[in-house]
Structure formats: structure tokens, C-alpha cells
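So in my numbering, spot 102 of the sequence shown is number 110, and the numbers just go up one at a time.
For glycine and all other residues, C-beta sits at the position ideal for the given N, C-alpha and C.
Everything numeric in this text was worked out from a predicted model, so none of it was measured.
Since the structure comes first, as C-alpha cells, the remarks are kept for the end.
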Amino acid sequence: MAAWLERRFDARLTWLPYDLHPEYPPEGIRREELARRHGAGFGSHIRQLFVAAGLADSGPPDVVPRSQDALRLTELARDLGLHEPVHDRLMDALWREGLDLGERDVLRRLGTEAGLPAARLDEVLAGEDYLDRVTASTREAVWIGVTGIPGFLLDGRLLVLGAQPREVFEQAFSQLEASGPGSGRGPGGRADQEP
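Here it is, written out as C-alpha cells:
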């Protein structure tokens, strides 16, 4: 979807950390446990999205990870100019390979594969580096109305939540065009945010 948005609307995406479930235990929660908690239909929407995205063979991961360490790792990558390859590698690992991004050994392997220096990566994973940044970004996203992922803040004025079909973005950009130019800046002065 990101590549399509960039091509179709000449959009510039900035991925920002959003800790969807900070209450999850470090080992995450098995999807079957979430289905027990939330009912048999839990996850059916996600499965439909997988089919629509061409990921039907892999299906959603068995474990819904606590993403805090993965988010901290992407912030390290941002500081080192490696955000895009690290972010892309983590997304492929989660959604295409079904890997558990809550596992530090998995994060270490994926991070080094994407170019992060192993020693610095180990320091971050062993401590709390970047936790304040992840927490602040999550708080800001909640303030603007983000309740799930992905969340797209378009031109700092229009929020599109969740994995949506292309038609929703076509309508959203038409609405922005009809309403005239905006500031191009989101809360906090950052442009073109996507929590």
C-alpha cells in the first residue's frame, strides 16, 4: 500500500512508532488466546485483508507480539539512516514469514541483516534506549485519534485508520483536494505523518 500511495499521490510517508498494545506481556499473545477472549470471529477481518493483499498463503502470525522492542529498533535505524530497510525487513518478517517480533534473537538477526551494527543493536535491546521516543510518539498518535494500525494522517488534516482498500484513499485525497490547501504538517509540526 505504501508504494502505491507514493506513486499514485506523490505522497511522502514517514513511519512513526505506535505501540498498539503496551499492556501485552514481553512474549506477546497467541492469536488463539485472543480469539478466546474476543470471540470466534476475531481475526476474520485480518484474514480477509491477507487474501486481498496477496498474503493468503502465510496468514496472520500465530503470535501477536509486544512490539516495543521492534519499535525501539526502528528508531535506532532512523538515527542511523537505515529506517526504511529495517522497517521493510521487520514487516516482511512479521507478515510474510510469520516471525515473532517480540523475540530479541529474531530482532537481532533481522536488524543485522538490514544493516544495523550488532554491538549497538545489542545495547538498545538490553536497555531502554528509544523507549521515551516510542512512548511520546504513541501518546501523540492517541491524541490525534489513532486507535489501531496502520494509521495515515494525510496532510495533517485527515486521519485514515486501519488497513483500507485503495478506494478509501482515493476518496480521502479527493476530499483534501476539494477542501483546498492545508498546512501539510501534522501535530507537533511534523509533515505527512503515519503513526
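- Taking C-beta separations shorter than 7 Å and ignoring five residues to either side along the sequence, the partners of Thr120 in its chain run Ala126 and Leu129, following chain order.
- With respect to Pro25, Ser145 sits close: the two C-beta atoms are nearer than 9 Å.
- Runs of the alpha helix (DSSP H) spanning 4 or more residues and lying entirely within the stretch 107-177 occur at 112-121, 126-134 and 139-152, in chain order.
- Using a C-beta cut-off of 8 Å, the stretch 132-145 makes no contact with the stretch 89-108, since fewer than three inter-stretch Cβ pairs fall below that distance.
- Under the 10 Å beta carbon count, Gln76 is surrounded by 16 or more other beta carbons and is classified as buried.
- Going by beta carbons, Leu84 and Leu124 fall inside the 9 Å limit.
- Nearest Cα to Thr82 within the set Gly106, Ala48 and Asp27: Asp27.
- In terms of CA proximity to Asp70, Arg104 leads the group Arg104, Arg15, Phe160 and Gly135.
- Between Glu148 and Arg44, the alpha-carbon positions lie close to 31 Å from each other.
- Closest in alpha carbon position to Pro73, among Gly36, Glu92 and Leu42, is Gly36.
- For Gly135, the closest C-alpha among the options Arg165, Arg112 and Gly153 is that of Arg112.
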